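For the sequence shown, our numbering gives the first residue as 173, with consecutive numbering after it. Positions of the beta carbon are idealized from the N, C-alpha and C atoms, including for glycine. Nothing here was measured: the structure is a model prediction, and the numbers come from that model. See structure below.
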Amino acid sequence: MPVVTKEQFFPGVRTSPKKSYYNYDFSLRYRFNNKVSISVAHHGESESNYIVNSGITETNGDPIVGFVDFRDITTSVSGIYSFTRKVNLNFRLRHNWSRVPYNSLANVDNKGNTVTRPFINGLDENVNFFNIDAFLSWDFKLGCNLTVGYKNWIGNNSGIDGLRYNRYFNNFGKTFDVSHGNEFTVKAIYFLDYNELRKKK
173 MPVVTKEQFF PGVRTSPKKS YYNYDFSLRY RFNNKVSISV AHHGESESNY
223 IVNSGITETN GDPIVGFVDF RDITTSVSGI YSFTRKVNLN FRLRHNWSRV
273 PYNSLANVDN KGNTVTRPFI NGLDENVNFF NIDAFLSWDF KLGCNLTVGY
323 KNWIGNNSGI DGLRYNRYFN NFGKTFDVSH GNEFTVKAIY FLDYNELRKK
373 K
């Protein structure tokens, strides 16, 4: 019968008058039977009015800092399917989304205090990382293994509009509309017993 073998949930909250910080972790491992098991993990954190280096400067070279509402979410799903004792399939999907919309910009004076300056549009960041890894492995002989692998990914230049797709699930759905990289690999390991070869001679 299906069995939940591991379940964890860790929330956390920290607040101050002008900003707040939240984080949580959730993980679940579910075994359907002796052949199939699946694991899900989810991590999220966010902070309001988080100060960052904007990456731009004034004409005199002074850096410009920004106050952002930072949000980062990572979800991973992995599973194992055992066809036989010697043949199994391992699968892993991971998606990371970081969204950084700017609220305001500021300069820093000689005392280290921030001084609000006019806003500049177009600094918001919306970054996605998406990976799929799958490996079919066959232990066809003692010490011998054949593995067929598949990888799928997008880089950080995903081109997803963070202003339009600012919710997790509609942003995640758009990751399937951008270009992906694909890679297939085959790896074989064959163990040669030198003593056995000598006996045959």
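Assumed close pair residue i, residue j - CB separation to whole angstroms, cut-off 8 Å
{"i": "Y337", "j": "K323", "result": "Not confirmed; about 25 Å, so no contact."}
{"i": "G331", "j": "V350", "result": "6 Å"}
{"i": "Y362", "j": "C316", "result": "5 Å"}
{"i": "Y196", "j": "G216", "result": "5 Å"}
{"i": "G251", "j": "I210", "result": "4 Å"}
Residue burial classification, residue i (beta-carbon count within 10 angstroms, cutoff 16)
{"i": "V358", "result": "exposed"}
{"i": "R243", "result": "buried"}
{"i": "N225", "result": "exposed"}
{"i": "I292", "result": "exposed"}
{"i": "N206", "result": "exposed"}
{"i": "V287", "result": "exposed"}
{"i": "F341", "result": "exposed"}
Host beta strand (DSSP E) of residue i (start-end)
{"i": "E219", "result": "208 to 229"}
{"i": "T256", "result": "Element bounds for T256: n/a, residue is neither H nor E."}
{"i": "I332", "result": "Counting along the chain, I332 falls outside any beta strand (DSSP E), and DSSP gives it neither H nor E."}
{"i": "L314", "result": "Run containing L314: none; DSSP gives neither H nor E here."}
Practice task
State whether the region 277 to 287 contacts the region 301 to 315, with contact taken as three or more CB pairs (one from each stretch) at a distance under 8 Å.
Solution key: Result no; under three Cβ-Cβ pairs closer than 8 Å.
Practice task
Would you check if there are 3 or more beta carbon pairs closer than 8 Å linking the region 227 to 237 to the region 266 to 276?
Solution key: No, because fewer than three Cβ pairs between the region 227 to 237 and the region 266 to 276 fall closer than 8 Å, the two stretches do not touch.
Problem - beta strand (DSSP E) runs contained entirely in the region 271 to 312, provided each spans 3 or more residues - result: 274 to 280, 286 to 289
Practice task
Quick one: which unbroken alpha helix (DSSP H) runs of 4-plus residues sit fully inside the region 339 to 370? Chain order, please.
Solution key: 340 to 346
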